[in-house]
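The structure appears below as structure tokens.
Residue numbers (my numbering), protein chains in the order written: chain A, 1 to 435; chain B, 1001 to 1435; chain C, 2001 to 2435; chain D, 3001 to 3435.
See below:
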């Protein structure tokens, strides 16, 4: 009963703020009243009712439709930005007298109030999750509206602090995992679609591994996960790995861990890198559990290969493709003709090697997947023909896939050469393909 | 085996950095080599070996003696501060052209590199705990060395983000709690010493409650905890609550929850307030479990009452104390003489009421415990005579203790009056004492 | 390494026993060698290698095909029965001298050695589960072969001891439950088929409840589970409850818990009753969580109603059915003609009431579901027309379903009247139907 | 509210049974009314109120004083025994016609009703624990009253079924274990007293291991636990292991696990052997975690050595002891004289070897600890001089202790020789001592 009174009083505080807009319960707050609530939350006055206020704002945002959410974000961007006059004054003071005190004043002046606001909203139950959602929407809007960039920087600033690797929990996912988490895998899988619970179950069988990072504030929501299969030798084709039939491994012990799918789950956490850490921890974990695994490789897509190819070559005769070849490739379903395929095989593999190893943008590989793995210290191990025969595989990369190898003994040196000199680690096999 | 190589290579990287100082394994790194490691960690070069490097620095700090740790902190303060020249340039640019871009540049210029460094150190296993320890040492040093203040601001900045209320876990502590946590209570109890496991067990018995906040990165280390007893009527004496004998509650159902001890556990988290949130959540939790509890009150010490009294009155005859009275009070053990005690009783209670309610510092109560509870929205309910007869209780406050009442129906209005106007909520009983 | 030796030695012991049949690893043991292993396990000689031996026998059974399993059970029945000569001697001794010692001897003489054997097999990992499986097979075989009855009594004896209510764990099942358990629900649901994960998810949504009993030795395998829906008023139709659409309960708070499905999961535990305990604990749990729920009723099938009806009435003209009516009912799809349906409605309901309340076998209701709920102390609350329109519902009971009500205030007296006098608790509504 | 009614009604049923004895609530039931409750529980009538009735009986027993509990047990023994007339009839029928049916009848006739009663009492919350307590009291009474033996057999029968090894949980106990369990270790430690929490903490430090078996129905109560220390070489002295100072193991990796204390915790489970299984599982677990441990040995007391010695030798001059020696040994504190000690050392060791290896009772070693370890397949490895210098160690065994070695490669053969031929496995070192 006593608590009830308290809750009632909280609600009154909230109601006071948005009285005019609150004729009937459940009615949505206007943007003005939400702005007012945000200001109260930021003031000392909001301390006693802090959690209730934060909850009200978070709930309001969750109930908004898309345009209202954009308005909310613009409000944060415009109304909770640092004050130019204060900054100017502080900047002048600092220039006149560059001391600890003036620097402190300047630092406080440039810090946008919305940073603190985000920290206070996080107090609400479900606050973290809501803030991640806000940023997801913000990132979409950002494409159209560059003026939101400073706001995005502020979101990124707090999220980077909160999702620090030191707070992430590394967990194995298998058939003992609660269904509420498993259904997220189906939703989030970005590389090779999971077609349903039967498919999911196969990927989580005892002869597979799946690992994820979780954050304590999002307990049922993975941040990133990776799926691993075990093979004898480095797998060159994806379809057998995705097949629902269980491989009979009894005859020969596997020696290779194949990372065949890595999916980031939270669009709102873009720019905070987890993959690097996850892959290394998975290598570590498998290494401990199965000392007989000697190779750690990916079987990765080449999402933009054909797009690049068509832009660079397919529109014109060139040294690479003769006119008849070009014609062949533009034919529908060229891939399904054995003879045409054989004709083009070598050329495509070589072009792909070229694309991966030599095609650069700002001195880094053009291909995003390549950039990711090389940046982690991996090397380009092999390019596989007829490796992904799904419609997507064919249309993106003519069925080609790449193995990147994580060779523990070389990860650091690979990474350093890559970071310092842009040098790319390439196996001798692939090296030959480019020659 | 493969992992072994990797680890070896990590160690090599680290060794490279501090080669000269690493003649024999286990030898400590010099400050110079640690600074070098910190720089590498901050550079992109450190990414691949990030966790290993962070671990090395954290381990090094943990092994340092006190003077070396102070040197480390000074190094952070001096070598990883923002660059004045860059700030000046950015300030000028901003003044010339106050736009998003120049503001962004200015923001980045004033942000000290050590902020990022702390975030990277947090990646190490045990990183969070080490950073909290660093700040604990820093706070001690700060008393002597004000130039470390900006560094402390940076520590506070990251710790506030990480220990956001939204990430804290509220947990009941009882006899089912692991011993590794229970022994921390004995260590951290700051108000009424826990004399051993028998005492602890009594405080955690079924007729008591103890609640704490935990952070996921410090799983066995409470941040703050509160101990609660249940009584019929508002308890006015502390010793019966601390007695090892279990009270026989069968005759009458309790109606009051007494918060008789609140202890902050992590000195390194000073300035991040948990008590407010904890008390409210405990009220909420008890309210749910025992709807028959109607009063939520503390039984709190008045740590500085006699100190203040002696400074203000005891050195001179005054309207308050006659010469003979003063003489009585300066006699050793005056408290243990019934007649003297009776003579002084009313006067002391009235003076205490005056001290709590009227004695101010910057328009806030002089007493820190009073400030804390009034700031949370509580009111001064009662002042109790012969309430804490321990040596400490007698020497600090002549045995007086205070009840602060958390009346859910008034918390918000109390808080607001206090924050806005410095008005203090006082029960009619205490009001009479001041008249 | 040392352990390896041990394991090797265990395997040797086992191999010794079945040497002839163990030419190549993985080969199955012969029945003779398994019998030998069982004898060793029972002897003191088997103590040191007990777990290994038990494991070997359990593994062997698990690998057997069906006929081999039957042979194994027959072997238990014949070779591990008590010895008639010993029993006769002990019986004579007892008759001559009925004392504690002779009674002890007689007790030991009648106890079959296979009882101890089952207890020893239980030591193997997965032993309990295997023994439950053995009994499932035994129960099937028992229909053909009555001589196995004593063996079944022995299985029942140990299983009753192990699956004592005091050892069962009552657990809520929802979407946070591990998938490995959830998929069992799909398999085991015996009343209203779960059509897939989507259907399952609906039944486990927040506005529903599902509870199960588990045994610590079968952690991922429920013994029995019940599904509950909440309604305003006692639900009279099953299809809306099974619909995938979530009911909008916001307008009116539910007041009734409907138990719409109870499924026993382990055929091998037949004869050990869990349902009674489960229903009462579920009532208890809901009562605690939702004090506003006032009615606890089932919506239950009448599996044999039409079978009984056709046997009793449908083959001949009678006072109940006129010739034309009989003709109507034998017409295919009579139910889907509105007019025919209306003609028969009252008659069918009255006949169903008669069937449930008056049709007896050994002074207990003929219908098994009725027997179960009345035995638990429930009463027959209502009979619902057009209640289960699924093909099964129509073919079993002409679409009729029953509500049994668990009225806490009457459970004990209902149960006692039923047990002592065979009296059946019937609501006034149903009472009118029989008149 | 509904539940409340139910509970009320339960209580009424119970009250009915013991009306006369229930003038005021809380008053204890008379033995007659408890007997009546037991009969109702056994009848079908008790089904609906089963749990409530069982709870009432269990609660009554728990509140009884010792004499009342003995009366309760005698009541079970006398009033719930099998009926002699029924047995006689069944025995005659069987002898006349030894068939499945008559055997079944005979089996049922000899089964005491109290077996079923115990199974029904187990349903009460805390039932299992109460039944274990009942047997503990019964075992004490049994020493005086042999007529209770059949009752004890029945208790043993149900407890053996319930505490089957297949249901025990093997768990490590360390400083992360809840205090409620840890305090039990202090209570139950039977070999080397734990002097308090500091001592306990040392025994649970990271360089030690402690493992226990638990049963799901007694979650906070270990059944048996073993304490293990790690040493370089086989430890020959107990005091260093019990010392509160942590050994510095950094210089040399341990190669030996010393089992220095094994304690059974539940007197009521006497006759159900857990130690054998526990030791083997601990060996297994350590073997997995620390492959570098090569020796698994105990450091065990010889509880009856001096008692035996004094009975056999100390009262008379013999070939073994000369008159002066005997005189020396009967002197108080002989052990603390260096010269006397040295004189007697060899003789005592040889006599101890003789005692352990050759002194038999029914072809098994006289010493109970020796019987236990040899029965498990261990061998007598060594006898240590000045090994336990505590008062108890000196008074029981003149400070001698034994190492029994668990050599995985020999456990099975040792066990079999011992069981079949009573042959004892003795190391060459000890073999020399007996010559």
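Note that beta-carbon positions come from the ideal geometry of N, C-alpha and C, so glycine has one too.
With a cutoff of 8 Å on beta-carbon distance, residue 3230 of chain D and residue 3185 of chain D are scored as not near each other.
Counting only residues of its own chain and dropping the five nearest sequence neighbours on each side, residue 2105 of chain C has a CB closer than 6 Å to the CB of 2090. The beta carbon of residue 1210 of chain B sits closer than 8 Å to those of 1172, 1173, 1174, 1185, 1203, 1204, 1225, 1226, 1227 and 1228, all from its chain and outside the five residues before and after it, given in chain order.
Taking C-alpha positions only, residue 1426 of chain B is separated from residue 1364 of chain B by approximately 14 Å. For residue 3288 of chain D, the uninterrupted alpha helix (DSSP H) segment begins and ends at 3275 to 3289.
As far as DSSP is concerned, residue 3147 of chain D takes part in no beta bridge.
The C-beta distance from residue 169 of chain A to residue 213 of chain A rounds to 7 Å, short enough to meet the 8 Å contact threshold. Around residue 71 of chain A, the same chain offers 31 as residues with beta carbons nearer than 6 Å, after the five sequence neighbours per side are excluded.
Here the stretch 137 to 154 of chain A makes no contact with the stretch 193 to 202 of chain A; the two share fewer than three CB pairs at distances below 8 Å. Only residues of its own chain outside the window of five on either side were considered, and among them 2256, 2257, 2259, 2283, 2286, 2405, 2406, 2407 and 2408 have a CB closer than 8 Å to the CB of residue 2296 of chain C, listed in chain order.
Per DSSP, residue 3068 of chain D is not a residue of any beta strand (DSSP E); the alpha helix (DSSP H) it occupies stretches across 3066 to 3079. By the rule that beta-carbons nearer than 8 Å mark a contact, residue 426 of chain A does not touch chain B. Excluding the 5 residues flanking it on each side, residue 3138 of chain D has same chain C-beta neighbours closer than 7 Å at 3073, 3148, 3151, 3152 and 3155, in chain order.
Residue burial is scored here from C-beta neighbours: residue 2163 of chain C has at least 16 other C-beta atoms within 10 angstroms and is therefore classed as buried. Counted as a single uninterrupted DSSP element, the alpha helix (DSSP H) harbouring residue 1355 of chain B occupies residues 1338 to 1358. Cβ contact annotation for residue 3057 of chain D (same chain, cutoff 8 Å, sequence separation greater than five): 3034, 3037, 3038, 3041, 3121 and 3124, in chain order. Burial check for residue 135 of chain A: the Cβ neighbour count within 10 Å reaches 16 or more, so the residue is buried.
A contact is defined here as three or more CB-CB pairs under 8 Å, and the stretch 267 to 279 of chain A fails this definition with respect to the stretch 387 to 403 of chain A. By DSSP's assignment, residue 257 of chain A forms a beta bridge with A/230 and A/296. In this structure residue 383 of chain A touches residue 402 of chain A by the C-beta definition: roughly 6 Å separates them, less than 8 Å. Note that the C-beta distance between residue 1434 of chain B and residue 1353 of chain B is below 8 Å. Using a Cβ-Cβ cut-off of 9 Å, residue 175 of chain A is close to 2178, 2179, 2180 and 2183 of chain C, given in chain order.
Within the stretch 2378 to 2406 of chain C, the complete beta strand (DSSP E) segments at least 3 residues long are 2379 to 2384 and 2401 to 2405, listed from N- to C-terminus.
Residue pairing by DSSP places residue 3178 of chain D opposite B/1178 in a beta bridge.
Nearest C-alpha to residue 2374 of chain C among C/2078, C/2421, C/2117 and C/2432: C/2421. What residue 2197 of chain C touches in chain A, judged by beta-carbon distance under 9 Å, is 179, 183, 196 and 197, going in chain order. At a Cβ-Cβ threshold of 8 Å, residue 3088 of chain D and residue 2095 of chain C count as neighbours. Note on geometry: alpha-carbon atoms of residue 1336 of chain B and residue 1392 of chain B lie some 15 Å from one another.
Taking residue 1370 of chain B as the centre and dropping the five residues before and after it, the same chain places the C-beta of 1356 closer than 6 Å to its C-beta, in chain order.
Residue 244 of chain A is classed as exposed because its beta carbon has fewer than 16 other beta carbons within 10 Å across all chains shown.
In the DSSP assignment, residue 2171 of chain C forms a beta bridge with C/2212. The alpha carbon of residue 3238 of chain D has as its nearest neighbour, out of D/3340, D/3274, D/3400 and D/3084, the alpha carbon of D/3400. Excluding its 5 nearest sequence neighbours in each direction, residue 3277 of chain D has C-beta neighbours in its own chain below 7 Å: 3165, listed in chain order. With a threshold of 8 Å between beta carbons, residue 2289 of chain C makes no contact with chain D. Annotation: the continuous alpha helix (DSSP H) that includes residue 416 of chain A extends over 411 to 421.
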